[in-house]
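For reference, the structure discussed in these notes is given below.
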Amino acid sequence: MTTPSPAIAYVSRRYRFAASHRLYAAELSDAQNRAIYGKCAGDNGHGHNYQIVVTVAGPVDPLTGMVINLDALDALVRDRILRRYDHRYLNLDVEDYVDLVPTGENIVRHIWSLLRDALPAGRLSKVRLVETRDNSFEYQGEAA
Ligand code: NI
Numbered sequence: 001m002t003t004p005s006p007a008i009a010y011v012s013r014r015y016r017f018a019a020s021h022r023l024y025a026a027e028l029s030d031a032q033n034r035a036i037y038g039k040c041a042g043d044n045g046h047g048h049n050y051q052i053v054v055t056v057a058g059p060v061d062p063l064t065g066m067v068i069n070l071d072a073l074d075a076l077v078r079d080r081i082l083r084r085y086d087h088r089y090l091n092l093d094v095e096d097y098v099d100l101v102p103t104g105e106n107i108v109r110h111i112w113s114l115l116r117d118a119l120p121a122g123r124l125s126k127v128r129l130v131e132t133r134d135n136s137f138e139y140q141g142e143a144a
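Residues in the sequence shown are numbered consecutively from 1, following our numbering.
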């Protein structure tokens, strides 16, 4: 049997964390924040059951038949993302958002960079952040 080579495959795995946030830009007035973010600018924040889907690309190892060891990916996501974000109030508890509004767009970009730095170059293909039933955000790195 012949195996197509070099075969690039994409492996995606889903993870979950719960966190709260408030969409509020300190540079703007309360009225401006309310106009932009609506109820998401409320004083006390609100929570989401977030999901992230991490996609790793790479050649299929001819010996193992795998692109990445999922236990290793699990450990990486747990250490770099879930420990940092799960059950936190992102605005105050996570330094990434001290000066950055924790919108889905900004969260997915931060998750991307935290994982990219921990994986071999070029292997992180995509991160998708699911915030609600209707909202999700994707990031694939800087445009080439
Ligand atoms: Ni929200």
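Glycine included, C-beta positions come from ideal geometry on N, C-alpha and C.
Every value quoted in this text rests on a predicted model; they were computed, and no experiment measured them.
Inset, instruction - Report the three-state DSSP secondary structure of H46 (helix, strand or coil). - result: For the purposes of this step, residue 46 is taken as residue 46 along the sequence shown, with counting starting at 1. DSSP, read as helix, strand or coil, puts H46 in strand.
Inset, instruction - Kindly indicate the opening and closing residues of the alpha helix (DSSP H) around A113. - result: Reading the sequence shown from its first residue, position 113 is the one you call residue 113. Sequence check: residue 113 is Ser here, not Ala. Segment 104 to 116, the alpha helix (DSSP H) holding S113.
Inset, instruction - Can you grab the Cα-Cα spacing for the pair N69 / V54, in whole Å? - result: As a working mapping, residue 69 is identified with position 69 in the sequence shown. As a working mapping, residue 54 is identified with position 54 in the sequence shown. Near 13 Å, if we compare the C-alpha coordinates of V54 and N69.
Inset, instruction - Please say whether A9 and V67 have beta carbons closer to each other than 7 Å? - result: If you number the sequence shown from 1, residue 67 lands on position 67. If you number the sequence shown from 1, residue 9 lands on position 9. Less than 7 Å divides the Cβ of V67 from the Cβ of A9.
Legend entry - Limits of the alpha helix (DSSP H) - the one that R80 falls within: The residue given as residue 80 occupies position 80 in the sequence shown. Premise fails: R80 is in no alpha helix (DSSP H) and is neither H nor E.
Legend entry - Between the CA atoms of G58 and N33 - distance to the nearest angstrom: Numbered from 1 along the sequence shown, position 33 holds the residue referred to as residue 33. Numbered from 1 along the sequence shown, position 58 holds the residue referred to as residue 58. Cα to Cα, the separation comes out at about 42 Å.
Inset, instruction - Let me know the secondary structure DSSP gives Y89 once reduced to three states. - result: Looking up residue 89 in the sequence shown gives position 89. Three-state DSSP puts Y89 in a strand.
Legend entry - Sub-7 Å separation of F137 and L82 beta-carbons: Taking the sequence shown and counting its residues from 1, the one referred to as residue 137 is at position 137. Taking the sequence shown and counting its residues from 1, the one referred to as residue 82 is at position 82. No, the pair does not count as a contact, with Cβ atoms beyond the cut-off.
Inset, instruction - From the DSSP output, read off the bridge partner residues of R128. - result: In the sequence shown, the residue the question calls residue 128 occupies position 128. Note: R128 sits in a beta bridge opposite V53, E138.
Inset, instruction - Go ahead and label L63 buried or exposed: buried means 16 or more other beta carbons lie within 10 angstroms of its beta carbon, across all protein chains shown. - result: Taking the sequence shown and counting its residues from 1, the one referred to as residue 63 is at position 63. Flag for L63 reads exposed.
Inset, instruction - Could you check what DSSP says for G58 in three-state terms: helix, strand or coil? - result: One-based indexing of the sequence shown puts residue 58 at position 58. The answer is strand: DSSP assigns G58 an E or B state.
Inset, instruction - To the nearest angstrom, report how far apart I111 and V127 are at their CA atoms. - result: Sequence index remark: in the sequence shown, residue 111 carries index 111 (1-based). Sequence index remark: in the sequence shown, residue 127 carries index 127 (1-based). Between I111 and V127, the C-alpha separation is close to 8 Å.
Legend entry - Distance between L124 and N91 (C-alpha atoms, nearest Å): For this step, residue 91 is matched to residue 91 along the sequence shown. For this step, residue 124 is matched to residue 124 along the sequence shown. Those two C-alpha atoms are separated by around 26 Å.
Legend entry - Contact belief for L23 with T103 at Cβ below 8 Å, rounded distance in angstroms: Residue mapping note: residue 23 aligns to position 23 of the sequence shown, counting from 1. Residue mapping note: residue 103 aligns to position 103 of the sequence shown, counting from 1. L23 to T103, Cβ: 6 Å. Contact.
Legend entry - Residues of its chain near I107, where Cβ-Cβ distance is below 6 Å and the 5 sequence neighbours each way are ignored: Residue numbering aside, residue 107 sits at position 107 when the sequence shown is read from its first letter. Once the five neighbours on either side are set aside, the close Cβ partners of I107 are L129.
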